[in-house]
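Protein chains: 2
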Amino acid sequence: MEKQSGKFEAIAAAAKSLFWKHGIRRVSIEEICHDAGVSKMTCYKYFSNKTAIAKYLIEEMFESGIKAYKEIYHSDISYEEKVKKMLDLKMSNAHEMSQELLDDIYKNQDEELSETIETIKKRMIGIYLDDIREAQKIGEIRNDVKPEFMLYFLNNLTEMLTDQRLVSIYSNPQQMISEVMTFFFYGIMPRKNGEK
Amino acid sequence: MEKQSGKFEAIAAAAKSLFWKHGIRRVSIEEICHDAGVSKMTCYKYFSNKTAIAKYLIEEMFESGIKAYKEIYHSDISYEEKVKKMLDLKMSNAHEMSQELLDDIYKNQDEELSETIETIKKRMIGIYLDDIREAQKIGEIRNDVKPEFMLYFLNNLTEMLTDQRLVSIYSNPQQMISEVMTFFFYGIMPRKNGEK
DNA sequence: TATATAAATACAAATAACGTATATTTCATA
DNA sequence: TATGAAATATACGTTATTTGTATTTATATA
Numbered sequence: 124m125e126k127q128s129g130k131f132e133a134i135a136a137a138a139k140s141l142f143w144k145h146g147i148r149r150v151s152i153e154e155i156c157h158d159a160g161v162s163k164m165t166c167y168k169y170f171s172n173k174t175a176i177a178k179y180l181i182e183e184m185f186e187s188g189i190k191a192y193k194e195i196y197h198s199d200i201s202y203e204e205k206v207k208k209m210l211d212l213k214m215s216n217a218h219e220m221s222q223e224l225l226d227d228i229y230k231n232q233d234e235e236l237s238e239t240i241e242t243i244k245k246r247m248i249g250i251y252l253d254d255i256r257e258a259q260k261i262g263e264i265r266n267d268v269k270p271e272f273m274l275y276f277l278n279n280l281t282e283m284l285t286d287q288r289l290v291s292i293y294s295n296p297q298q299m300i301s302e303v304m305t306f307f308f309y310g311i312m313p314r315k316n317g318e319k
Numbered sequence: 124m125e126k127q128s129g130k131f132e133a134i135a136a137a138a139k140s141l142f143w144k145h146g147i148r149r150v151s152i153e154e155i156c157h158d159a160g161v162s163k164m165t166c167y168k169y170f171s172n173k174t175a176i177a178k179y180l181i182e183e184m185f186e187s188g189i190k191a192y193k194e195i196y197h198s199d200i201s202y203e204e205k206v207k208k209m210l211d212l213k214m215s216n217a218h219e220m221s222q223e224l225l226d227d228i229y230k231n232q233d234e235e236l237s238e239t240i241e242t243i244k245k246r247m248i249g250i251y252l253d254d255i256r257e258a259q260k261i262g263e264i265r266n267d268v269k270p271e272f273m274l275y276f277l278n279n280l281t282e283m284l285t286d287q288r289l290v291s292i293y294s295n296p297q298q299m300i301s302e303v304m305t306f307f308f309y310g311i312m313p314r315k316n317g318e319k
């Protein structure tokens with residue numbers, strides 16, 4: 124069997140560009156084919172329909188996200204450094220999948236797609252919670268706070284980091300992340316002597 | 124007759140937001156009505172169809188552009204200052220109408236809309252050329268260069284000013300405009316003594 | 001209460017998108 | 001050059017969406 128001469132990738136790239144800009148509903152298969160420089164028949168060789176393309180793209184996106192997370196989590200740096208790196212990552216990927224696109228998917232009640240997203244989300248939450256519990260066990264973070272609350276709070280943080288009202292307070296995003304993280308790790312109490 | 128309770132404006136605003144983001148083709152009238160919080164019947168009270176809404180918005184946009192230009196041109200400042208103000212204006216309005224939206228209009232061969240745009244464009248070019256000729260007449264700019272070439276070159280300048288490759292060379296846009304303008308007014312030759 | 005105005009609903013007609021079948025073209029290989 | 005696999009272009013019936021209008025229902029105002 125011959126190696127795919129990049130047509131699959133061309134379709135995926137064209138679809139991603141269009142979906143991410145306009146949502147799924149507004150984009151037609153013929154449009155994707157045109158942008159990919161591929162005929163409709165070729166498109167149907169690889170994907171059974173539009174939803175299948177979107178599903179593939181969304182799964183790919185989440186997979187690469189999980190992979191990036193895993194790499195950070197299992198790297199040999201302090202827990203604080205890990206959280207910092209994750210927040211950096213989240214920020215740079217903020218527009219990876221726009222809220223608009225998600226709304227589009229849910230609003231149009233495409234059950235297959237929303238189920239796909241829900242499934243992956245659950246998987247990611249499971250991974251995150253396990254990792255938090257592990258970190259509690261080995262004493263990297265305090266264990267008198269529910270992992271679920273930490274996760275909720277972390278999600279809240281990432282939202283804050285893309286909120287223009289917060290961003291505009293700081294002269295650069297690194298300073299913002301650093302300050303927010305300090306608050307997350309140490310709270311509002313002034314540091315005691317001996318504390319890092 | 125009662126004053127329109129902002130429904131016309133609501134429709135125009137919703138349509139503009141959608142058109143400017145997704146182009147005209149991808150947006151339906153029902154969508155506009157929904158976003159405007161107005162029923163379809165009310166929409167048809169004010170506009171006969173989707174093209175009519177787009178036409179109104181495009182004309183309004185060009186009109187306000189011409190108005191802003193006129194204000195600058197007839198203000199009591201030096202010609203150099205005028206050009207600078209115009210370039211500032213052009214830059215801040217760079218995304219007023221995206222190339223994508225224009226492509227959408229031309230690609231879909233909506234004759235009415237493209238004619239509307241062409242008509243307005245011609246009017247604007249006429250105004251610009253007249254003003255350049257007048258400036259030549261009263262000696263504000265040299266008269267051994269065709270007005271048409273100056274206009275062409277000015278258009279080219281505004282395109283350059285939104286080109287990221289150029290923008291990234293300068294630490295701020297004002298410096299860029301100033302340098303580009305100096306080149307436009309005085310060319311590459313070093314200034315002679317006595318020249319401003 | 002009467003009257004005007006907008007919203008909601010329903011609908012036929014037009015348009016666009018879908019997915020498939022078939023004919024044509026391309027192009028590498030025998 | 002002839003052959004065959006694979007992509008493209010074309011055509012087509014089917015379904016879904018959009019359009020523009022008509023009719024009914026709600027809402028506010030004088």
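Respectively, the protein sequence lines represent chains A and B. Just so we're aligned, residue 124 is where the first sequence starts under the numbering used here, counting upward by one. Just so we're aligned, residue 124 is where the second sequence starts under the numbering used here, counting upward by one. Here a beta-carbon is modelled for each residue, glycine too, at the ideal position from N, C-alpha and C.
{"Query": "Segment limits, alpha helix (DSSP H) that includes B:S140", "Result": "130–145"}
{"Query": "Beta carbon proximity, A:R149 to chain B, threshold 8 Å", "Result": "yes"}
{"Query": "B:R246 (DSSP reduced to helix, strand or coil)", "Result": "helix"}
{"Query": "For A:R288, three-class secondary structure by DSSP", "Result": "helix"}
{"Query": "Inter-stretch contact at 8 Å, needing at least 3 Cβ pairs: the region 136–150 of chain B / the region 175–184 of chain B", "Result": "yes"}
{"Query": "Rounded straight-line distance, which links the Cα of A:N278 to that of A:D227", "Result": "21 Å"}
{"Query": "Beta-carbon proximity of A:M214 to A:T305, cut-off 8 Å", "Result": "no"}
{"Query": "Chain-order list of residues whose beta-carbon lies under 8 Å from that of A:M283 (same chain, five-residue window excluded)", "Result": "L289, V303"}
{"Query": "Sequence-distant residues of the same chain with beta carbon closer than 7 Å to B:E223, five excluded per side", "Result": "G146"}
{"Query": "Within 8 Å, strictly: CB atoms of A:L280 and A:F307", "Result": "yes"}
{"Query": "Counted within 10 angstroms of its Cβ, other Cβ atoms place B:I311 as buried (16 or more) or exposed", "Result": "exposed"}
{"Query": "Under 7 Å from the C-beta of B:H145: neighbouring residues of chain A", "Result": "H145, R149"}
{"Query": "When A:L210, A:K193, A:W143 are compared against A:I250, the one with the closest alpha-carbon", "Result": "A:K193"}
{"Query": "Secondary structure of A:D199, DSSP reduced to three states", "Result": "coil"}
{"Query": "Within 8 Å, strictly: CB atoms of B:L210 and B:I300", "Result": "yes"}
{"Query": "Rounded straight-line distance, which links the Cα of B:L225 to that of B:Y196", "Result": "27 Å"}
{"Query": "Alpha-carbon spacing of A:E182 relative to A:I189, whole angstroms", "Result": "10 Å"}
{"Query": "Every unbroken alpha helix (DSSP H) within the region 154–180 of chain A, with a cutoff of 4 residues, ordered by chain", "Result": "163–169"}
{"Query": "At least three beta-carbon pairs within less than 8 Å, the region 242–257 of chain B to the region 265–278 of chain B", "Result": "yes"}
{"Query": "C-beta contact flag for A:V150 and A:K130 at 8 Å", "Result": "no"}
{"Query": "CB contact flag (A:H180, A:A135, <8 Å)", "Result": "Inspection of the sequence shows that residue 180 of chain A is occupied by Leu rather than by His. Result yes, Cβ atoms of A:L180 and A:A135 sit closer than 8 Å."}
{"Query": "B:Y344 - containing alpha helix (DSSP H), residue span", "Result": "Residue 344 of chain B lies beyond the range of chain B shown here (124 to 319); nothing can be said about it."}
{"Query": "Rounded separation between A:I243 and A:E219 - CA only", "Result": "16 Å"}
{"Query": "Reference B:H203, options B:T165, B:N172, B:G262, closest by Cα", "Result": "A quick correction: the sequence has Glu, not His, at residue 203 of chain B. Residue B:G262 is the option with its Cα nearest to B:E203."}
{"Query": "First through last residue of the alpha helix (DSSP H) which encompasses A:I300", "Result": "296–309"}
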